[in-house]
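Notes to accompany the following structure.
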Ligand code: KG4
Ligand code: ZN
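In structure tokens:
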């Protein structure tokens, strides 16, 4: 069985061909660097670049995997949440190919896809999952891949967004999470007094916009170096993410912890999760760095997970892009 997966929810065009076990036969990601000059993703530029790049990327991945379009058995693409214009490019292309070839098409939820990068690993349920990216900060209670309840999320900015805004404030590039992470290595994490918003670890909710203001005031005071601000900011954010996830894991007698999304590439976040899971005897699933960011392998694995639950699963031909997810129960198939 050969499955084609396409991801265009934001500024990465990503394509993968997977076998029935979720193993990637070939995968490519084309990242749009043009946005760094704008301090954030410009939606129309992003859509137009997906339109330009995607067909060639699909051709290349098919060639690398030794597969022809006609021998793809299942087509899948991210339907949302994300930037509508960007989503429409990957969704329309993939749906049209499936329609023309008379093959099933699965429209995939991007959030579920991030968690599904761990599908195929030996996850033991119940599990608690932290999804932490540029657009989302969410904690889930998972009883199976298909039974995933939202416990709480951010009330304002996502953690990745807070990293990006802090980087922008200090004149670093976009996206800034990795740059802050690197600067933080040479800073003192206890040097800048920063608040710990919604610090009560029992509440699986987050708020990062007040922290952003505190960082701005610290930066404008000219008393602290970029390194010290980066280290102090990273510590506060990682402490909140880890303590709240671990508290839910204890409360729900979780056996595994799953971490996913771009911010799961963060060095301190990874170290803290490794230490805390080790202490408690929990099995920890951290993505490889390349799979923390948006990629198509996670989309393909989410599609395979939906097919495991129902081998006849497929989306309607009118499956549409959706910018936001307002649900409480997350499933891989979105329409
Ligand atoms: O999952 P992702 O690729 O896209 C979204 O769906 O949002 O995540 C991108 C986010 C950006 O905000 C970026 O700054 C952040 O992940 N990020 C990091 C690191 N690497 C990427 N944040 C903190 N530390 C990192 N090492
Ligand atoms: Zn993402």
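Residue numbers (our numbering): 35 to 369.
Glycine included, each C-beta is placed from N, C-alpha and C at the ideal position.
Burial state of residue i, where buried means 16 or more other Cβ atoms lie within 10 Å
| i | result |
| --- | --- |
| residue 35 | exposed |
| residue 285 | exposed |
| residue 68 | exposed |
| residue 47 | buried |
| residue 255 | exposed |
| residue 282 | buried |
| residue 312 | exposed |
| residue 124 | buried |
| residue 72 | exposed |
| residue 231 | buried |
| residue 357 | exposed |
| residue 45 | buried |
| residue 200 | buried |
| residue 362 | exposed |
Own chain, CB closer than 8 Å to residue i, minus 5 neighbours either side, in chain order
| i | result |
| --- | --- |
| residue 156 | 317 |
| residue 350 | 369 |
| residue 190 | 241, 242 and 243 |
| residue 122 | 81 and 355 |
Cβ separation of residue i and residue j, assumed to be a contact under 8 Å, to the nearest whole Å
| i | j | result |
| --- | --- | --- |
| residue 340 | residue 347 | 5 Å |
| residue 359 | residue 56 | About 23 Å; that fails the 8 Å criterion. |
| residue 228 | residue 267 | 7 Å |
| residue 42 | residue 112 | 7 Å |
| residue 184 | residue 176 | Not confirmed; about 11 Å, so no contact. |
| residue 302 | residue 269 | 7 Å |
| residue 323 | residue 294 | Not a contact, Cβ separation roughly 12 Å. |
| residue 290 | residue 158 | 5 Å |
| residue 174 | residue 163 | 4 Å |
| residue 127 | residue 98 | That pair is no contact at about 18 Å. |
| residue 276 | residue 310 | 6 Å |
| residue 343 | residue 180 | 5 Å |
| residue 39 | residue 110 | 5 Å |
| residue 186 | residue 239 | 4 Å |
Own chain residues within Cβ distance below 7 Å of residue i, not counting five before or after
| i | result |
| --- | --- |
| residue 332 | 147, 148, 150, 151 and 325 |
| residue 95 | 49, 50, 51, 60, 61 and 62 |
| residue 320 | 293, 298, 304 and 307 |
| residue 236 | 281 |
| residue 70 | 207 and 208 |
| residue 279 | 162, 164, 173 and 291 |
Sequence-distant residues of its chain with Cβ nearer than 6 Å to residue i (five each side left out)
| i | result |
| --- | --- |
| residue 52 | 37, 58 and 334 |
| residue 264 | 214, 217, 218 and 221 |
| residue 296 | 167, 168, 194, 326 and 327 |
| residue 336 | 142, 146, 147, 150 and 366 |
| residue 226 | 252, 258, 262, 263 and 266 |
| residue 170 | 192 |
| residue 260 | 204 and 217 |
Between the segment 237-249 and the segment 206-224, do three or more beta carbon pairs fall short of 8 Å?
no
The segment 118-136 touching the segment 64-81, judged by at least three CB pairs closer than 8 Å:
yes
Any residue with its C-beta under 5 Å from a non-hydrogen atom of the ligand KG4 counts. Can you list them all in chain order?
167, 168, 169, 194, 197, 198, 209, 211, 212, 215, 295, 296, 297, 299, 300, 327 and 328
Are three or more beta carbon pairs between the segment 189-201 and the segment 325-344 nearer than 8 Å?
Because the criterion of three Cβ pairs below 8 Å is not met, the segment 189-201 and the segment 325-344 do not touch.
How do the segment 123-142 and the segment 91-106 stand: do at least 3 beta-carbon pairs fall below 8 Å, yes or no?
yes
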